[in-house]
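Asker: Just dropping this structure here.
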Amino acid sequence: MAELNGNHTRKSLISLLKTYERDLQLSIKSITDYLEENGMSDISSDVGATNLSLPPTAPTSVLEARQNLISSAYTIQQIATEPAEYIPYLAIHYQVLSCFQWLIRFNILPIIPLTGSISYGEIAEIAKVSEDQLRRVIRMVITSNLLAEPSPNQVAHNAVSSTFVKQPGFMSWAKFMITYSAPTAASFADASEKWGDTVKKNETAFNVAFSTDKPFFDYLAQSAELTETFAAYMKSVQGSYGTSLKHLVNGFDWDGLGEATVVDVGGSTCASSIALADAYPSLQFVVQDLPDTIKNAPAVLSKQPASIQARIKTQPYDFFTVQKHHDADVYMLRMILHDWPAEIAINILKNQLPALRASYPRSRLLVMDTVLPTPGSDSASIVDEALLRVRDLTMMQTFNSKEREVGDFIDIFSKAADEHGYLYLKSISKPVGSVMSIMEVGYRPYPL
């Protein structure tokens with residue numbers, strides 16, 4: 041698929057438009073063919089919006105076509121927009137965010153019935169807000185495909201807005217974003233001006249936004265309510281399609297391992313291993329985490345079928361110490377390294393070397409983490425890249441941490457060496473729809 045970015049090889053405007061026109065046509069045909077072949081051609085839209093929701097079981101080619109459709113449409117909009125229109129369009133984004141924050145603050149969305157409609161006056165009376173402000177706020181967010189006005193002065197849910205009511209986790213995500221993430225991002229320039237190029241955990245945009253000298257998690261720990269809010273937010277994010285365990289299950293050739301043992305390093309309460317065990321009966325698992333975390337795993341496993349319970353063992357382990365389980369085929373680190381600066385990530389990897397050496401050459405590391413695309417490359421669509429860079433900026437603004445490019449990972453892998461051998465990147469792939477990539481990392485001993 042064609043891609044437009046600041047470093048893209050220059051093409052004529054006509055050539056670019058024709059390329060994206062072709063991309064759109066091919067993507068739409070792939071999606072509509074799938075819908076018609078599976079008896080879904082008569083799917084109707086909610087009031088005021090048409091949203092394409094493909095089942096997660098749809099073929100990868102169809103899911104990829106949907107991603108290409110989004111990216112091509114977005115890029116065509118960029119091409120068609122005059123340079124002088126950049127700021128007016130930017131104003132749309134921040135006003136939509138402001139209005140969304142207003143709706144969440146005054147708990148407007150649950151007041152609107154899931155079927156039928158309600159007047160602005162009725163909503164204002166229930167919420168105890170200004171009817172004039174309410175009307176103007178809702179009419180702004182309608183332009184972003186949130187809510188609908190099916191008849192004059194009547195408000196109704198559409199597919200997007202109803203999700204916030206039907207799925208409490210989605211609402212938790214929204215509340216955390218507007219309460220913490222947005223104010224933190226807005227304070228980024230102030231933090232840079234105050235502290236410059238710092239890596240301290242208490243010299244961040246978050247610290248400026250909330251006038252605290254405590255690191256993020258220490259600040260949350262002051263309040264049970266804040267801790268609960270963050271936990272609900274994380275549960276919702278981790279349950280989203282971008283971080284779905286489906287990408288782990290389908291994104292690597294697990295069948296190719298045959299009868300094998302997988303060590304899930306930092307595996308918490310076994311979610312990853314349960315998903316893999318369900319899909320691949322030939323695999324055995326050892327889930328490792330800190331004692332206070334891993335002690336909760338048996339209760340989770342007890343709810344699984346006996347065939348899964350029998351293939352998952354748990355083991356207390358701190359990945360800041362040398363790996364204690366040898367003779368495994370895969371040592372998996374999912375969403376582990378991105379939390380740590382390079383020197384600590386290198387030490388985590390070094391601690392796995394003795395185990396990798398003990399079962400060489402069949403052993404390998406599997407690292408699943410966010411990998412930022414190289415600027416100017418075609419490794420990600422412009423929309424995917426934007427979403428990944430949101431994650432990177434959030435890490436910087438909240439923790440003075442970062443997401444890494446593939447070159448950064450190659451660097452820390454190469455530095456995770458001892459007197460016997462070293463690590464190297466064997467392969468990398470990004471499953472369609474995933475915000476993370478899967479990196480297969482090999483171990484190689486030095487020649488004798």
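So the sequence shown is residues 41 to 488, counted in the working numbering.
Cβ coordinates follow ideal geometry from the N, Cα and C atoms, glycine included.
Report all residues from its chain with a CB closer than 8 Å to the CB of residue 474; omit the five preceding and five following residues, and keep chain order.
Answerer: Here the set comprises 282, 283, 284, 287, 291.
Asker: Taking the Cβ atom as the reference point for each residue, do residue 346 and residue 323 lie within a distance shorter than 8 Å?
Answerer: Not closer than 8 Å, so no.
Asker: Can you tell me where the alpha helix (DSSP H) with residue 286 in it begins and where it stops?
Answerer: Note, residue 286: alpha helix (DSSP H), 285–290.
Asker: Measuring CB atoms only, is the stretch 386–399 touching the stretch 330–337, in the sense that at least three cross pairs come out at less than 8 Å?
Answerer: These segments do not touch.
Asker: In chain order, what residues of the same chain have a beta carbon less than 6 Å from the beta carbon of residue 91, not counting five sequence neighbours either side?
Answerer: Only 199 meet the Cβ criterion.
Asker: Could you tell me the distance, in whole angstroms, from the CA atom of residue 78 to the CA atom of residue 101?
Answerer: When rounded, the distance between both Cα atoms is 15 Å.
Asker: What does DSSP give as the partner residues of residue 442 in its beta bridges?
Answerer: Answer by DSSP bridge pairing: none, since residue 442 is not bridged.
Asker: Can you give me the Cβ contacts of residue 260 inside the same chain, cut-off strictly under 7 Å, excluding the 5 residues immediately before and after it?
Answerer: Closer than 7 Å at the Cβ level, and outside the excluded window around residue 260, lie 266, 267, 270.
Asker: For the 8 Å Cβ check, are there 3 or more pairs between the stretch 111–125 and the stretch 157–176?
Answerer: The stretch 111–125 is not in contact with the stretch 157–176.
Asker: Closest to residue 395 by CA distance: which of 421, 263, 368, 228 is it?
Answerer: That would be 368, whose Cα lies nearest to the Cα of residue 395.
Asker: So what's residue 42 in DSSP terms, helix, strand or just coil?
Answerer: Any reading at residue 42 is ruled out, since the residue's pLDDT is 49, under 50, leaving its predicted position unreliable.
Asker: If we ignore side chains and look at the alpha-carbon of each, how far apart do residue 97 and residue 142 end up?
Answerer: Each residue's Cα considered, the two are about 36 Å apart.
Asker: Does the Cβ of residue 211 have 16 or more other Cβ atoms within 10 Å, making it buried, or fewer, making it exposed?
Answerer: Label assigned to residue 211: buried.
Asker: For the candidate residues 479, 468, 484, 443, whose alpha-carbon lies nearest to that of residue 458?
Answerer: Of the listed residues, the one whose Cα sits closest to residue 458 is 484.
Asker: Cα-Cα, which of 297, 204, 306, 176 is closest to residue 154?
Answerer: For residue 154, the nearest C-alpha among the options comes from 204.
Asker: How should residue 262 be labelled, buried or exposed, when 16 other C-beta atoms within 10 angstroms of its C-beta is the threshold for buried?
Answerer: By the neighbour-count rule (16 or more Cβ atoms within 10 Å), residue 262 is not buried but exposed.
Asker: On the DSSP letters alone, give me the boundaries of the alpha helix (DSSP H) that residue 161 sits inside.
Answerer: Per DSSP, residue 161 belongs to the alpha helix (DSSP H) from 160–167.
Asker: CB residue 372 to CB residue 302, shorter than 8 Å?
Answerer: Taking 8 Å as the Cβ cut-off, residue 372 and residue 302 qualify as a contacting pair.
Asker: Is residue 461 helix, strand or coil when you go by DSSP?
Answerer: Here residue 461 sits in strand by DSSP.
Asker: Please determine, among 193, 188, 176, the residue with the shortest C-alpha to C-alpha distance to residue 202.
Answerer: Among 193, 188, 176, the Cα nearest to that of residue 202 belongs to 188.
Asker: Cα-Cα, which of 399, 114, 314, 444 is closest to residue 57?
Answerer: Of the candidates 399, 114, 314, 444, the one whose C-alpha sits nearest the C-alpha of residue 57 is 114.
Asker: Is DSSP giving residue 382 helix, strand or coil here?
Answerer: Residue 382 falls in the helix class under three-state DSSP.
Asker: Are the CB atoms of residue 239 and residue 401 nearer to each other than 8 Å?
Answerer: For residue 239 and residue 401, no; Cβs fall outside 8 Å.
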